[in-house]
Amino acid sequence: MKTKIVNRRTLLHSAGLLAGGLLVGAGSAHGATRLSAPPARPATPDEAWATLKEGNRRWVADAAIHPHQDRARRDEVAEKQNPYAVVVSCIDSRVPPEIVFDAGIGDVFTVRSAAQTIDPLVSGAIEYGPVELATPLIVVMGHQRCGAVTAAAHALREGTTLPGDLQRIVEALRPAYDRAHGDVDKMIRINTVDTVAKLKADKLLAPRIARKQLKIVGSYYSLDTGQVTRLV
Ligand SMILES: [Zn+2]
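Counting in our numbering, the final residue of the sequence shown is number 334, and the numbers go up one at a time with none missing.
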């Protein structure tokens, strides 16, 4: 019995060493793959979108390189950040922007609300990057089978009122509901495009778009494939 316990401990110890070895190996591979990551921050709206698209392509292909997720990057951005995009997405646990775009710390501002609905507080958060740090791209990202949109469609169809501030989300989605005739997937897409239109009319963002310093892209994330498709 005693021998068995010792053997088990030895085994666990070996497993620990092995795991440590694997981690070191992964770290080296990681270091090597980082060389293929963009060497500099994308400077233009198109470069920023190309970088996000490429990161999403890796995520879809199960070939993520997890760039900028190490101590060196932490040190690099500890005093100052300079992200190349603002991603406006849903609170849904399945759509974290840094993961679906295979990005790291200091790369993107993420602004998340239920069904990426916006109000003045959220708009202020979105304005921050472009206005203060010249962030060249905003990506609004809706997603497949959005629970917030589904719940809102249900409430509007049944004529029920959700408790507390949840009803605000329902009201924010009412225009999309009306135009989609209650079709949830259409609602998701219409609401995303509507959010882009609202942001394009934002008094701080509009002049930057006119000067070609900023672009706003509307997109749709597939939970099934991981792919981000541009809508507008
Ligand atoms: Zn959602």
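Just so you know, even glycine gets a beta-carbon here, dropped at the ideal spot from N, CA and C.
Run of the beta strand (DSSP E) containing Tyr322, from where it starts to where it stops: For the purposes of this step, residue 322 is taken as the residue at position 220 of the sequence shown. Lys317 to Tyr323 is the extent of the beta strand (DSSP E) around Tyr322.
Residue burial classification, Leu125 (beta-carbon count within 10 angstroms, cutoff 16): Position 23 of the sequence shown holds residue 125. Any reading at Leu125 must be qualified, since the residue scores a pLDDT of 35, below 50, and its modelled position is unreliable; the value itself is stated next. Exposed, since its Cβ has fewer than 16 Cβ neighbours within 10 Å.
Proximity test, Ala145 beta-carbon vs ligand 1 heavy atom, cut-off 7 Å: Residue 145 sits at position 43 when you count from the first residue of the sequence shown. Ala145 Cβ: outside cutoff for every heavy atom of ligand 1.
Best match in Ser225, Val162 and Ala312 for proximity to Val330 [C-alpha to C-alpha]: Residue mapping note: residue 330 aligns to position 228 of the sequence shown, counting from 1. Ranked by Cα distance from Val330, the options Ser225, Val162 and Ala312 are led by Val162.
Rounded C-alpha distance that separates Val407 from Asp285: No information on residue 407 is available, as it lies outside the stretch 103 to 334 that the chain covers here.
DSSP beta-bridge partners of Ala187: Walking along the sequence shown from the start, residue 187 turns up at place 85. The partner list for Ala187 (beta bridge, DSSP) reads Val210.
contact_flag[the segment 201-212, the segment 181-192] where n(CB pairs < 8 Å) is 3 or more: Result yes; three or more Cβ-Cβ pairs closer than 8 Å.
Within 8 Å, strictly: CB atoms of Met289 and Val251: By one-based count along the sequence shown, residue 289 stands at place 187. By one-based count along the sequence shown, residue 251 stands at place 149. The answer is yes: Cβ separation under 8 Å.
Helix, strand or coil at His170 [DSSP, three-state]: Indexing the sequence shown from 1 puts residue 170 at position 68. Three-state DSSP puts His170 in coil, outside helix and strand.
heavy atom of ligand 1 below 7 Å from Asp194 C-beta: By one-based count along the sequence shown, residue 194 stands at place 92. Because some heavy atom of ligand 1 lies under 7 Å away, the Cβ of Asp194 counts as near it: yes.
Gly328 CB to nearest heavy atom of ligand 1 below 7 Å: Start at 1 with the first residue of the sequence shown, and residue 328 comes out as number 226. No; taking the cut-off as 7 Å, the Cβ of Gly328 has no heavy atom of ligand 1 nearer than that.
Where Leu239 falls: helix, strand or coil (DSSP): Here residue 239 refers to the residue found at position 137 of the sequence shown. DSSP, reduced to helix, strand and coil, places Leu239 within a strand of the structure shown.
Closest Cα partner of Val169 within the set Pro277, Glu181, Ile318 and Gly208: Reading the sequence shown from its first residue, position 67 is the one you call residue 169. Per the sequence shown, residue 169 should be read as Pro rather than Val. Considering only Pro277, Glu181, Ile318 and Gly208, the residue with the shortest C-alpha distance to Pro169 is Gly208.
Boundaries of the alpha helix (DSSP H) in which Thr153 is found, first to last residue: By 1-based counting over the sequence shown, the position of residue 153 is 51. Run containing Thr153: Pro147 to Val162, per the alpha helix (DSSP H) assignment.
Where His245 falls: helix, strand or coil (DSSP): Along the sequence shown, read from residue 1 onward, the residue named residue 245 stands at position 143. Note: His245 maps to strand in three-state DSSP.
Thr263, DSSP secondary structure in three states: Here residue 263 corresponds to residue number 161 of the sequence shown, with the count starting at 1. In the structure shown, Thr263 sits in coil (DSSP, three-state: anything other than H, G, I, E or B).
Straight-line gap, Leu223 to Arg173 (C-alpha atoms, nearest Å): In the sequence shown, counting from the first residue as 1, residue 223 sits at position 121. In the sequence shown, counting from the first residue as 1, residue 173 sits at position 71. Their Cα atoms are separated by approximately 33 Å.
Minimum C-alpha distance to Arg143 - residue among Ser195, Ser215, Arg160 and Leu239: The residue labelled residue 143 in the question sits at position 41 within the sequence shown. The shortest Cα separation from Arg143 among Ser195, Ser215, Arg160 and Leu239 belongs to Leu239.
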